Amino acid sequence: MLKFYHAPWSRSSSIFWLLEELGQPYEMEVVDIRAEGGVPEGYREIQPNKKVPAIVHDGAVITERAAISIHLADAFPQAGLAPAIGETMRGPYLTWLVYCDAVFDPAIAARAHGLTYKSNDYSFGTFDDMVRNVDNHLAKSNFAAGDRFTAADVQLASGINYTMNVLKALPERPAFVDYLGRIGDRPAFRRTQEKDRDMAMATPYFQAWAAAAGQG
Ligand SMILES: N[C@@H](CCC(=O)N[C@@H](CS)C(=O)NCC(=O)O)C(=O)O
2 MLKFYHAPWS RSSSIFWLLE ELGQPYEMEV VDIRAEGGVP EGYREIQPNK
52 KVPAIVHDGA VITERAAISI HLADAFPQAG LAPAIGETMR GPYLTWLVYC
102 DAVFDPAIAA RAHGLTYKSN DYSFGTFDDM VRNVDNHLAK SNFAAGDRFT
152 AADVQLASGI NYTMNVLKAL PERPAFVDYL GRIGDRPAFR RTQEKDRDMA
202 MATPYFQAWA AAAGQG
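Residues in the sequence shown are numbered from 2 upward in steps of one, following the numbering used here.
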């Protein structure tokens, strides 16, 4: 039994995509993270910080995108989304999977919120170092961990797609555009994007946002 706690157009969308890549049955519960009074307090029983995503798999609660990704890709090895323990690319795969949450995401958030700091002030270092690292890596590697699409690409491509194309906080670099081009035609990615958009646009929050943006 696999239950997924999700909010459309949020950080949990990358786990939505991963679940669609896995092709396993799951039940989705939508958490209203944009509710006026905040996320319902009862949700703390699942996610102590009241954030999405979270999953409950065979009775065990798992939170944090990196942990959820590692767990799911290993739990369903038939999908081929994780190098196995002992394979050379297992280490690079884990590195990039964790990097997305531990460095990429907070470095972008710091930049988007105008935080001024030195590299050693925070564990995630500077925005420029992060961009240089991702750019250098994707200029010489087709995917996050070598020549094969893995769960690390679900996280990395989700992060690049949102922050470069929507948030506009990540600079547009040829290596990023080419990388998204290699991944964007995956059926699970397209399916998730469409479903997530439909779910988001069915909510009063995004209907008001679209109306204000002249897209309603
Ligand atoms: N470290 C968490 C971050 C998740 C996160 O920031 N989720 C946001 C959605 S974009 C959220 O649930 N926010 C609701 C809130 O903070 O009230 C992870 O990687 O899973």
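No residue lacks a Cβ here, since even glycine has one placed at the ideal position from N, Cα and C.
Please read all numbers here as calculations on a predicted model, not as lab measurements.
Query	Result
Beta-carbon proximity list for R192, same chain, < 6 Å, skipping 5 on both sides	E21
Endpoints, beta strand (DSSP E) assigned at V31	E28 to V31
Given I16 as reference, the closest of H72, L181 and M2 once Cα atoms are compared	H72
A61 in three-state terms, based on DSSP	strand
Any non-hydrogen atom of ligand 1 closer than 6 Å to S124 Cβ	no
Beta-carbon contacts of L3 that lie in its chain and below 6 Å, excluding the five residues immediately before and after	Y27 and H58
heavy atom of ligand 3 below 6 Å from R192 C-beta	By its list of ligands, the structure shown excludes ligand 3, since it contains just ligand 1.
Entirely enclosed alpha helix (DSSP H) segments - the region 86-162, minimum 4 residues	91-100, 106-113, 128-141 and 152-161
F5, enclosing beta strand (DSSP E) - first and last residue	L3 to H7
I220 in three-state terms, based on DSSP	The requested residue 220 is not part of the displayed model; the chain covers only 2 to 217.
Beta carbon of Y1 nearer than 7 Å to that of P107	Within the shown structure, residues of the chain are numbered from 2 to 217, placing residue 1 beyond reach of any answer.
CA nearest to the CA of A176, picked from A67, A209 and F144	F144
Rounded separation between D186 and T151 - CA only	15 Å
Anticipated Cβ contact below 8 Å, I69 with P54, distance rounded	6 Å
Rounded separation between N121 and L98 - CA only	22 Å
For D55, the residue or residues it bridges with in DSSP	Residue identity differs from the one stated: residue 55 is Ala in this sequence, not Asp. A55 is bridged to Y6 and T64.
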